Each structure stands twice: as C-alpha cells, then as structure tokens.
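Undergrad: Residue 153 is where the sequence shown starts when you use this note's numbering, and the numbers rise one by one after that.
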Amino acid sequence: FVRKRDVKHNEDEDMTREPEMVKAYRDTWELGLHSYLTYLRDRLLLCRDLIHSTGSIFVQISDENLHHVREIMDEVFGAENFCGLISFQKTGGMEGSLLPPTVDYLIWYARAKENIKYRQIYVDRTVGDTSLDRYDMIMAPDGLVRRVTKEEMENGILPEGCRRYQLAPLYSEGASQDIKEFVFQGKKYFPRADTHWKTTLQGLLRLTEAGRIETMGSVIRYRRFVDDFPVIPITDRWESTQIGTQRMYVVQTSPLVIQRCLLMTSDPGDLVLDITGGSGTTAYVAEQWGRRWISVDVSRVPVALAKQRLLTATFPYYRLKDEKRGPAGGFVYERRQNKKGEEVGGIVPHVTLKSIANNEPPEEVVLVDRPEVETRITRITGPFTLEATIPTPVEMETDGLDVDAAAHSGASSTVQESEGAFVDRMLEVLRKSPVLHLGGGRTVILKNVRPPAKTLSLSAEALVDAAATGRTPSLADVIQEAEEKSGTTLPLSQQAVALVFGPENGAVSEKLVFEAAREAYAKQYVHLYVIGFAVQAHARELIDKCADAVGIPATYIQATPDLMMGDLLKNMRSSQIFSVCGMPEVRLTRIKAAEKGGADSYAVELLGMDVFDPVTMEVDHRRGDDVPAWLLDTDYNDLCFHVCQAFFPRTGAWENIKRALKGTYEETVWDHLAGTKSAPFPAGEYGKIAVKVIDDRGNELLVVKDLKEAEG
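1) Beta strand (DSSP E) containing residue 314: first to last residue?
2) What are the start and end residues of the beta strand (DSSP E) that includes residue 364?
3) Going by C-alpha to C-alpha distance, which of 441, 413, 449 sits closest to residue 429?
4) Since I believe residue 434 is in contact with residue 445 (beta carbons under 8 Å), could you give me their beta-carbon distance rounded to a whole number of angstroms?
5) Leaving out five residues on either side along the sequence, give the residues of the same chain with a beta carbon under 6 Å from the beta carbon of residue 314.
6) By DSSP, does residue 179 sit in helix, in strand, or in coil?
7) What would DSSP say about residue 489, mapped onto helix, strand or coil?
8) Let's see if you can read the secondary structure: which residues bound the alpha helix (DSSP H) around residue 698?
9) Write down every uninterrupted run of the beta strand (DSSP E) in the stretch 256-289 whose length is 3 residues or greater and which is fully enclosed by it, in chain order.
10) Run through DSSP, which three-state label would residue 234 get?
11) Who are the Cβ neighbours of residue 747 in its own chain at under 7 Å, not counting the five residues just before and after it?
12) Can you tell me the Cα-Cα spacing of residue 264 and residue 413, whole angstroms?
13) Going by alpha carbons, who is nearest to residue 240 out of 261, 198, 212, 309?
14) Can you list, in chain order, the residues of its chain whose CB lies under 7 Å from that of residue 486, leaving out five sequence neighbours each side?
15) Report yes if the CB atom of residue 520 is closer than 7 Å to the CB atom of residue 415, and no otherwise.
16) Who are the near neighbours of residue 776 in its chain, counting only those whose CB is closer than 6 Å to its CB and skipping five residues on each side?
17) Considering only residues of the stretch 373-454, which uninterrupted alpha helix (DSSP H) runs meet the minimum length of 4 residues and lie entirely inside it, listed in chain order?
18) For residue 418, which residues in the same chain have their Cβ closer than 7 Å to its Cβ, ignoring the five residues on either side in sequence?
19) Mind checking residue 493: buried by the 16 CB within 10 Å criterion, or exposed?
20) Just to check my reading of the structure: residue 695 and residue 708 have Cβ atoms closer than 8 Å, yes? What is that Cβ distance to the nearest angstrom?
21) Which residue from 671, 674, 660 puts its Cα closest to that of residue 692?
22) Within a Cβ cutoff of 7 Å, which residues of the same chain sit near residue 699, ignoring the five residues on either side of it in sequence?
23) Kindly identify the DSSP beta-bridge partner or partners of residue 584.
24) Considering just the uninterrupted stretch of the beta strand (DSSP E) at residue 370, what are its terminal residues?
25) Between which two residues does the beta strand (DSSP E) containing residue 709 stretch?
26) Tell me the rounded alpha-carbon separation between residue 460 and residue 614.
27) Could you tell me whether the Cβ atoms of residue 220 and residue 197 are closer together than 7 Å?
28) Helix, strand or coil for residue 334, going by three-state DSSP, please let me know.
29) Assuming residue 347 is part of the beta strand (DSSP E), what are its boundary residues?
30) Measure the C-alpha to C-alpha separation of residue 194 and residue 457 and round it to an integer number of angstroms.
31) At a cut-off of 6 Å, would you count residue 684 as near the ligand NAP, judging by its Cβ distance to the nearest heavy atom?
32) Given a cut-off of 7 Å on the beta-carbon distance, is the pair residue 374 and residue 358 in contact?
33) Can you say whether residue 327 is buried or exposed, counting buried as having 16 or more other CB atoms within 10 angstroms of its CB?
34) For residue 233, I'd like the list of residues in its chain whose CB is within less than 6 Å of its CB, leaving aside the five on either flank, ordered along the chain.
35) Distance, Cα to Cα, residue 654 vs residue 579?
36) Taking 7 Å as the CB-CB limit, is residue 688 close to chain C?
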C-alpha cells in the first residue's frame with residue numbers, strides 16, 4: 153500500500169496490485185490457519201536443509217498461534233533440538249477487553265543441538281534489575297559499610313567512591329569429614345551443619361587480606377561487589393528491545409532483537425538468511441556486524457525499501473584482527489575503563505571468590521557486542537546484488553518448432569498449452585474490455601478482435617474506433633477527417649490494426665517487437681499495439697521509433713497486473729484494463745573537456761516519468777524531483793545494471809550519512825544526492841548509460857541511452 157492507513161480486511165480495492173503478493177496471499181491463506189501451518193511447514197523443511205550443522209533458526213510469533221508453531225517445529229527439527237522460547241517486549245499492546253499483549257516470542261531451534269554455535273550475550277546491571285537489587289550494601293572509601301537507602305536503590309546514584317556489594321555465603325552444601333575452624337577478628341567460625349567451606353583455610357586468609365569477609369550475625373559472609381562482574385548474562389526474557397527504534401512496518405522486528413540473535417549464534421563472516429526480508433532489518437544488522445546475508449521477499453516494495461536503507465546506511469568501523477581476511481578473521485576486543493573506573497571495553501574481568509582465594513588472575517569475558525571502534529572511519533554498506541527468481545519468459549512464437557513433433561513431447565506440449573491458454577485469456581479480455589487508454593483523454597476502442605488467420609509473431613488483429621473525448625482536435629485530426637470524407641483514405645474504423653502480447657512472465661523483448669512489426673508491415677496493418685506487463689528498455693525504444701525503423705507506427709500498452717492474477721481478485725476494473733505507461737524521460741549531456749586533448753565527460757538529468765497507478769488505474773506524470781529513487785549505471789552492458797550513482801529526491805534517505813560525516817562535506821553535496829542531476833562521469837567501455845527509476849510501488853522502469861545521443 154502507498155501512504156494509506158485506512159485499509160480493510162479482504163477488500164480487493166485495498167489489496168496490493170502486485171501479482172506475486174496477491175497470489176501468495178490468496179493461495180496461502182485460503183484455508184485460514186490450516187493454510188498458514190502448511191505454508192510454514194513447507195518453508196521450515198527447506199530451511200532445515202539449508203541450515204549449517206552448527207546453525208540456528210528463529211521464528212518470531214505472537215501468542216495467538218505459538219503452540220501450533222511449536223508443534224510444527226518439533227515435527228520438522230525434532231523436539232530434542234528445541235533451544236528456547238524467548239519473550240521480548242514490544243512498544244505497546246493493543247487495547248482489548250482483557251490483558252493487552254505486550255510481548256512477542258522467538259522460537260529457537262538448532263539444526264543439531266549438540267553441535268550448536270553459541271556465544272553468550274551480556275547486558276549491564278541496571279537499576280530495576282532484580283540482580284542489582286540484591287546488592288543492598290555500600291562500602292565507603294574509608295571502609296565504613298551501610299545499607300543502600302531507598303532513594304539510592306531507586307535512582308542508582310551513590311556517593312563518590314562508594315562501592316555497592318552483597319553478602320554471599322562462604323559455604324557450600326554437603327558435609328565434610330574434615331571440619332575446619334576459621335578465626336576471623338578473634339572469633340572462631342565453623343561451617344553450618346551439612347555444609348563445608350567453599351575454599352581452603354589458606355583461601356579464607358587471602359579473602360580476609362583482600363577485605364572480602366564480613367560478619368553477619370553469627371556467621372561470616374563473602375563480599376561480592378557489583379564491579380567484580382558488572383554485566384549479567386541475558387535470559388529468555390528480553391525487555392525494552394524497542395527503545396530508540398523507528399519502524400517502517402507494524403510487524404517490523406526491532407534491530408536489537410535481531411542483533412542479539414545474530415551475535416548469540418553466529419560469528420563474523422557467517423551467512424545469515426531471512427526468508428521474510430521486509431524492510432531489510434536482518435540485512436542491515438548483518439551488514440553492521442560483519443555477517444554475510446541473503447534477504448528474500450515476495451513483494452517489490454519492501455525490496456525497494458531495503459535497497460534504499462542499505463544504500464544510505466552508515467555503520468561503525470570495527471577494528472579487524474586480520475585485515476586480509478576481513479570480518480571473517482574476527483574483531484578486536486580490548487579491556488578499557490572510563491574515568492570512574494567502570495568497564496567500558498569489550499573484555500571485562502570476572503572476579504570470583506575462587507580467583508581471590510587461589511591468588512589467580514580473574515577470568516576475562518569477551519562481550520561480543522563491544523568490539524573496538526575506529527572512530528575516524530565511517531563505514532557504509534559493502535557491495536551487494538539484487539536478484540530475482542521469476543518464471544521463464546515464453547514469447548508467443550514457435551521459432552520453427554514442428555507442431556506434430558511437439559505434440560509428442562510432454563514439455564513442449566505443456567508449454568504450448570500454457571501459451572494457448574494465455575493468448576485465449578487475453579483475447580477474451582480484449583473482447584470484453586476493448587478500450588485502450590492512450591492518455592490525454594484519448595481512447596481507442598477495438599472491434600472484431602480475433603486471432604490472425606496465419607501468423608508467425610502476431611497475437612491478434614482488430615478494427616478500431618478512435619475517440620478524442622475531452623481534448624481539442626489537432627490539425628492531423630482535421631486532415632484525417634477530410635481525407636476520409638473525400639474518399640482519399642478509408643475511415644480509421646475500417647483499417648485493421650495488429651496486436652502482439654508480451655510474455656505472461658517477463659518483459660516484452662526487442663526481438664518480439666521487431667518481428668511483430670515486420671510482419672504487421674508486410675500484411676499492411678496500419679498500426680501495431682504491443683500489450684505487455686513489462687517492457688525492456690531497448691524494446692520500448694524500438695516501439696517509439698518503429699515508424700522510421702520498420703515502417704509501421706507502434707504503441708506500447710500497459711496491461712493491468714490484475715490480468716496475471718486470474719480469478720484471484722473478486723472484482724476487476726474491466727473498463728480500464730489497458731493503458732499507456734511512459735518511460736523515464738532523461739537528458740544526456742556532453743561536457744567538453746577543460747583541457748585541450750582531454751576526454752569529454754557526461755551528465756544525466758532526470759526530467760520526469762509517467763507512473764501507472766494500478767489502484768486508481770490512472771497514468772500520472774511525475775517530475776524528476778518527485779520520485780522516491782533513481783539510479784544511474786554509467787557503463788551499461790545490457791546484461792547487469794550496476795549502481796554507480798544513487799539519488800533519493802523525495803526522501804531524507806541521506807540523513808544518516810550526513811549526520812555521520814558531520815561537517816566533512818558542504819550542504820550542496822547532500823542537495824545534489826537528493827536532486828535530479830548526476831555528477832559528471834567519463835565514457836565507459838560499452839558507450840551506454842542506463843537510468844533506473846523506482847516508483848512509489850517499487851516498480852522499476854529502465855531507460856537506456858547511447859552516449860552518441862548526448863546533447864552538446
């Protein structure tokens with residue numbers, strides 16, 4: 153949906169017009185919960201095959217279907233591989249007649265629990281933690297001790313130099329045959345019945361020398377200070393994980409939740425897969441922490457959002473152990489303290505009773521979420537590719553295929569049946585909805601739509617009845633009408649036009665347009681209408697120049713994606729199924745070299761584009777500064793689009809980088825990155841440029857220009 157909040161459940165007018173999303177939604181949820189669990193089980197089975205033997209899988213779910221999903225995951229991964237059920241706090245719950253829900257859950261399973269990779273995550277002890285509340289004593293710098301006051305307990309502020317501690321037992325369960333007395337401050341102490349000292353008498357003496365023993369009534373206790381180990385391991389209850397986050401989706405997961413999952417079960421350089429990519433939070437977090445990632449989504453809109461998010465993201469630069477290996481070599485962790493003596497580094501000491509009693513150095517614990525940061529470097533997202541898995545395009549042509557032989561081939565027969573069914577469906581739609589919207593209030597109404605008698609490339613032929621409602625007739629209209637009345641030419645309604653359908657899955661190709669135009673010209677049709685769901689840049693260019701190149705004018709007609717959904721939508725706008733969709737309008741300019749003999753450079757300006765809105769079924773012209781994003785490939789090879797320059801005119805996408813770099817660049821730089829004009833660039837190997845414009849719905853429109861077409 154595009155900037156629309158008042159959507160209603162099961163209403164077609166509020167459904168996205170993306171065929172893949174509608175098919176996924178309608179096919180998946182047709183039988184309600186049963187369809188959902190079947191969908192989930194199929195994907196979990198695939199995930200089980202993909203997960204490494206040391207890997208983990210997390211599924212986020214609310215409490216509504218938690219028990220069902222647990223059962224499915226027990227079936228797929230085995231109950232013995234269940235690792236935990238994590239609850240994490242949301243920003244707020246929905247109001248209801250009963251208790252409002254405030255938590256979601258993460259179901260955690262391992263591929264093989266005995267081999268699982270696990271890295272303990274720690275958090276600082278903070279006010280309000282039950283673990284900190286138990287530290288109810290204070291030692292002043294002069295050695296005086298007292299209890300923590302109520303005010304100090306609530307705000308956590310202590311007098312300067314004071315240390316907070318708790319009194320812990322010095323004995324362990326289990327009687328010892330060798331009961332030893334210990335003398336402290338002139339008084340003899342023995343362990344309680346059925347217990348024994350936690351350390352030797354020598355160890356108790358060392359604890360005394362370190363000031364770690366204190367009397368409490370008739371027994372002695374061990375002083376355990378907060379700063380002995382200022383962090384605590386996280387449990388299966390995560391609180392305040394939404395603080396400081398801004399969500400793009402209602403169902404978007406907090407980056408902190410994903411961060412903990414990644415750091416807990418993977419190392420830098422490991423590969424992370426998110427099969428419900430959404431706005432790209434998993435990819436964003438994985439990129440920050442040096443993990444390789446794959447993010448998948450069925451819809452174009454979240455893919456476009458994730459791409460923008462990654463292109464404009466900034467991250468801290470973590471120091472690497474091995475620069476040659478990159479993140480896979482691991483990050484650098486160091487022990488550091490601030491002016492107050494608090495541990496702020498990635499390595500913290502764990503002072504224990506045992507280490508003091510045995511006169512051993514304290515154990516050092518690595519906090520995997522605190523690597524050393526190189527503050528002079530701002531890191532951005534590394535190179536990534538955008539790939540799609542779509543059905544193979546099948547064009548409406550035989551390519552010399554022997555029909556009789558194909559009839560005996562199962563695969564060929566299936567393809568032919570699919571082609572035939574698609575053509576028949578398109579012909580039936582044209583007969584029921586024969587109106588082609590050409591923009592500017594002009595329409596063409598088709599009559600007598602039928603397949604040609606003999607054809608190699610064409611899909612249909614028809615007669616037309618042109619109407620020009622709502623606009624002033626042009627000089628060409630007047631001349632045409634005069635010639636028709638004088639008998640010089642046949643009325644337009646008596647002249648046949650040709651139609652060719654693009655592939656059901658894929659874009660109209662240049663080859664299809666050329667062969668259809670050549671046949672239409674040979675058969676003396678007066679016009680060629682190319683109908684498709686998408687069109688390649690070179691094909692669109694040929695359509696626009698078809699009259700000069702082949703001898704017959706051609707028009708590209710955009711078919712609504714509703715046609716690709718079959719009967720998945722209850723209501724189809726039959727009156728506006730076909731309309732013109734314009735390509736991005738760009739200006740390519742040559743910039744003369746400043747020095748004699750130097751190479752010229754080039755610049756591109758986005759002037760605007762026509763946007764087809766499948767919800768309103770209207771074509772809207774947008775200025776260049778009114779599109780969400782446009783990308784430039786300065787050396788296009790006709791195979792792969794490589795983003796060389798990226799612009800986001802209508803968003804504040806560059807704000808993250810702008811804040812990170814502070815005053816490094818002038819304000820005009822950021823205005824440029826949010827503008828419609830590219831930076832100058834030299835000619836590339838292939839002598840072509842490509843501009844890709846992304847509209848509000850994530851659709852990508854591509855236009856290609858040869859550098860020879862440059863102005864100036």
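Glycine included, C-beta positions come from ideal geometry on N, C-alpha and C. Computed from a predicted model, the values in this text were never measured in an experiment.
TA: Judging by the given coordinates:
1) Segment: none, residue 314 is in no beta strand (DSSP E) and carries neither H nor E.
2) It is not in any beta strand (DSSP E) - residue 364 carries neither H nor E in the DSSP assignment.
3) 449
4) 7 Å
5) 290, 292
6) Since pLDDT at residue 179 reaches only 46, below the 50 mark, its modelled position is unreliable, and the value read off the structure follows with that caveat. Of the three classes helix, strand and coil, the one that applies to residue 179 here is helix, per DSSP.
7) strand
8) 698-701
9) 274-276
10) strand
11) none
12) 17 Å
13) 212
14) 497, 498, 499, 524
15) yes
16) 758, 759, 760, 828
17) 407-417, 433-440
18) 269, 424, 443
19) exposed
20) 5 Å
21) 660
22) 705
23) According to DSSP, which records beta bridges pairwise, residue 584 is partnered with nothing at all.
24) No beta strand (DSSP E) holds residue 370; DSSP gives it neither H nor E.
25) 706-711
26) 44 Å
27) no
28) strand
29) 347-349
30) 27 Å
31) No copy of the ligand NAP occurs in the structure displayed, which carries no ligand at all.
32) no
33) exposed
34) 261, 262, 265
35) 13 Å
36) Of the chains in the structure shown, none is chain C; there is only one protein chain.
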